[in-house]
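J.: Residue numbers (the numbering used here): 50 to 492. Every residue gets a Cβ at the ideal spot worked out from N, C-alpha and C, and that includes glycine. Just so it is clear, the structure is predicted and the values come from calculations on it, not from any experiment.
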Amino acid sequence: MTATRISAVIDHGKVSRQQYLIVGLCLLFNMIDGFDITAMAVTAHQIGEELQLGAEQLGLVFSFSLAGMMLGAMFIASLSDVLGRRVIIITSLGLVGLTVSLTATIDSLSLLIALRFLSGLGAGAMLASVATIAAEYSPEKYRAFCVTAVTAGYPLGATLTGLVANQIVPEFGWRSMFLLGGSLAILFTFIALWFIPESIQFLCSKKPPLALEKINGILIKLARSPLKELPIIDPDTQSTTADTQNVLEKMMSLLTPKFRSATLRLWLTVFLCICSLYFLMSWIPKLIINLDYPEAIANLAFTLFNLGGVLGIFCLGYLASLWRLSNLIAVFTIIASTLMCLFAIAVSSASGQTTLMILIFIIGFTLSGGYTGLYAVAAKIYPIAIRSTGVGWAIGLGRSGAVIGPAIAGYMIAAGFSVTANFITFAVPILIGGLLAYQLRVK
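See the structure below:
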């Protein structure tokens, strides 16, 4: 077979079991990350009692973990455009596994902060890298679905955290959560080492020694015929200069005239949506309790919000194979903004519990689905040579919104603003984000 385009290798023909395996493993890797990072949330009370830590000290631990995720996505994930997606995925899994396992041995606040920060670095790098490799092994028609499905692994893992904690923490203590999560991450490190191949696009772009032999080995696993020459990178996904850039130059290339408009619009959209998303993830239980509902109902609302989010992510991924991705994100987020206003109205009119729970579920469905679709947008906007850099920076800068949104809400709640005022206030960023997403014009 003569040299052909990469799109002919990936986009055409039957989807192989190897492609399903790669996407499925990436989903599982993100689930482990979600479990390990949120294990702190369900064990914070026990850790605080044992180490005699106050709320402000535990808050510092959460902040360092989040900062690690932000920096990992922005800087470590960018290295996968230089070293390879496979290398960063394996390294990140190993880092998370080691640091989470060691968390089970801590006896001081400083060591806890350091280990959670390092775990965050690995988790942030992992999220961007698996999204990238899933995109590069998925046919164009199903690319958005595969990327959103993979990123759904994080909230899926986070959902399992509470269920597992209820089973093992009462009997084995809080350290068992970190031993379990860390051990699973280390196990998956070896699984990744064995089953995750390097991206064909990356091999064609960087042309390392024996690139053709490595690609043909991958093609055999993909049930494709071997090639006599390296595949040709599609002109619309290739950058003519980025192949020779270092990490800093790749970061700066996101703001070159060719990408500046899309990059800034994407960053602002991610920031605005995650501000409101993390406002809800952080404050739903407290706000429901403020409405004089019992704690059990507050926990139910939080569960429904997250369950709706997981379903919304998969729904948007499926619909993206039928309609323009950026239009879908706009529709999902604008609906979420509208429903938040309806929730505010329902609260002020003293609507029943069932109405509020339904609205919370659908808000989670639309907001989480629309926000996660932005990862797929990032994977489509940037060429191969800077794809992980672009995805990582979108995720990383967005994480700053995860800090700012809940903080603003905290000040509003402390100042006496009502639940209605909070929901209407945070409906505005989602609406603006939806309008910006529509302008991205990504299929």
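Mark K256 as exposed unless 16 or more other C-beta atoms lie within 10 angstroms of its C-beta, in which case mark it buried.
T.: K256 is exposed by the Cβ-count criterion.
J.: Beta-carbon separation of A207 and C195 under 8 Å?
T.: Cβ atoms of A207 and C195: not closer than 8 Å.
J.: Give the DSSP-derived three-state secondary structure of R490 in the structure shown.
T.: It is coil, neither helix nor strand.
J.: Based on the DSSP output, what are the partners of R54 in its beta bridges?
T.: I281.
J.: Which value, in whole angstroms, describes the spacing of the CA atoms of A172 and A464?
T.: If I take the Cα positions, the gap works out to 35 Å.
J.: Of the residues Q67, L489, R165, which one's Cα is nearest the Cα of L315?
T.: Checked all of Q67, L489, R165; the closest Cα to L315 is L489.
J.: According to DSSP, simplified to helix, strand and coil, what is P219?
T.: Looking at P219 - three-state DSSP - the assignment turns out to be helix.
J.: Quick one: Cα of I86 to Cα of S168, how far?
T.: Roughly 7 Å separates the two Cα atoms.
J.: What's the gap between the Cα of F414 and the Cα of L74?
T.: Each residue's Cα considered, the two are about 24 Å apart.
J.: Just curious, the alpha helix (DSSP H) that D85 is in, first and last residue?
T.: Its alpha helix (DSSP H) spans residues 66-100.
J.: For T290, collect the residues of the same chain with a Cβ closer than 6 Å to its Cβ; drop the 5 residues on either side in sequence, then sort them by chain order.
T.: Because the pLDDT of T290 is 48, which lies under 50, any placement of that residue in the model is unreliable, and the question is left without a value.
J.: Cα separation between W372 and N339?
T.: When rounded, the distance between both Cα atoms is 40 Å.
J.: Could you check if Y460 is buried or exposed, using at least 16 other CB atoms within 10 Å of its CB as the buried criterion?
T.: Classification for Y460: exposed.
J.: Can you give me the C-alpha to C-alpha distance between L321 and N471, rounded to a whole angstrom?
T.: Using only the alpha carbons, I get a separation of about 15 Å.
J.: Exposed or buried, what is M80 when buried is set at 16 or more other beta-carbons lying within 10 Å of its beta-carbon?
T.: The residue is buried, with at least 16 neighbouring Cβ atoms inside 10 Å.
J.: Would DSSP call S187 helix, strand or coil?
T.: Three-state DSSP puts S187 in coil, outside helix and strand.
J.: Between T382 and G482, which are expected to be in contact by the criterion C-beta below 8 Å, what is the C-beta distance as a whole number of angstroms?
T.: That pair is a contact at about 6 Å.
J.: Helix, strand or coil: how does DSSP classify F111 here?
T.: DSSP places F111 in helix when its eight states are reduced to three.
J.: From this set, E298, L242, L209, P478, which residue's C-alpha is nearest L229's C-alpha?
T.: That would be L209, whose Cα lies nearest to the Cα of L229.
J.: Nearest to T469 by alpha carbon, out of I444, V491, G439, S398?
T.: When only C-alpha atoms are compared, the closest one is S398.
J.: Alpha carbon to alpha carbon, how far is K335 from I155? Give it in angstroms, no decimals.
T.: Their backbone Cα atoms lie some 30 Å apart in a straight line.
J.: Rounded to whole angstroms, what is the Cα-Cα separation between Q68 and C324?
T.: For Q68 and C324, the distance between alpha carbons rounds to 34 Å.
J.: For G121, which residues from the same chain have a beta carbon less than 7 Å from its beta carbon, with the 5 sequence-adjacent residues on both sides left out?
T.: The residues are G169, L170, G171, A172, G173, A174.
J.: State buried or exposed for D82, treating a residue as buried only when at least 16 other CB atoms are found within 10 Å of its CB.
T.: Result: buried.
J.: Give the secondary structure of G418 by DSSP, where H, G and I count as helix, E and B as strand, and everything else as coil.
T.: It is helical.
J.: Within the chosen definition, does the region 424-434 reach the region 102-109 through at least 3 CB pairs nearer than 8 Å?
T.: With a cut-off of 8 Å, the region 102-109 and the region 424-434 do not count as touching, because too few Cβ pairs lie within range.
J.: In terms of residue numbering, what span does the alpha helix (DSSP H) encompassing L326 cover?
T.: First-last of the alpha helix (DSSP H) with L326: 309-339.
J.: Assuming S4 is part of the alpha helix (DSSP H), what are its boundary residues?
T.: This structure cannot settle anything about residue 4, because the visible part of the chain is limited to 50 through 492.
J.: Could you pull the start and end residues of the alpha helix (DSSP H) that R134 belongs to?
T.: Its alpha helix (DSSP H) spans residues 134-152.
J.: With V359 and A443 assumed to form a contact (beta carbons below 8 Å), what rounded beta-carbon distance in angstroms separates them?
T.: About 21 Å separates the two Cβ atoms, so there is no contact after all.
J.: Is it buried or exposed, S288, if we count other Cβ atoms within 10 angstroms and call 16 or more buried?
T.: Because S288 carries a pLDDT of 49, less than 50, the predicted location of this residue cannot be relied on, and the following value inherits that uncertainty. Classification of S288: buried, given that the 10 Å Cβ count is 16 or more.
J.: For G62, which of helix, strand or coil comes out of DSSP?
T.: Note: G62 maps to coil in three-state DSSP.
J.: In three-state terms, what does DSSP make of R224?
T.: Helix, per DSSP.
J.: Please report the residue range of the alpha helix (DSSP H) in which T387 lies.
T.: First-last of the alpha helix (DSSP H) with T387: 374-397.
J.: Work out the CA separation of I71 and I139 for me, nearest whole Å.
T.: Cα-Cα distance, rounded: 13 Å.
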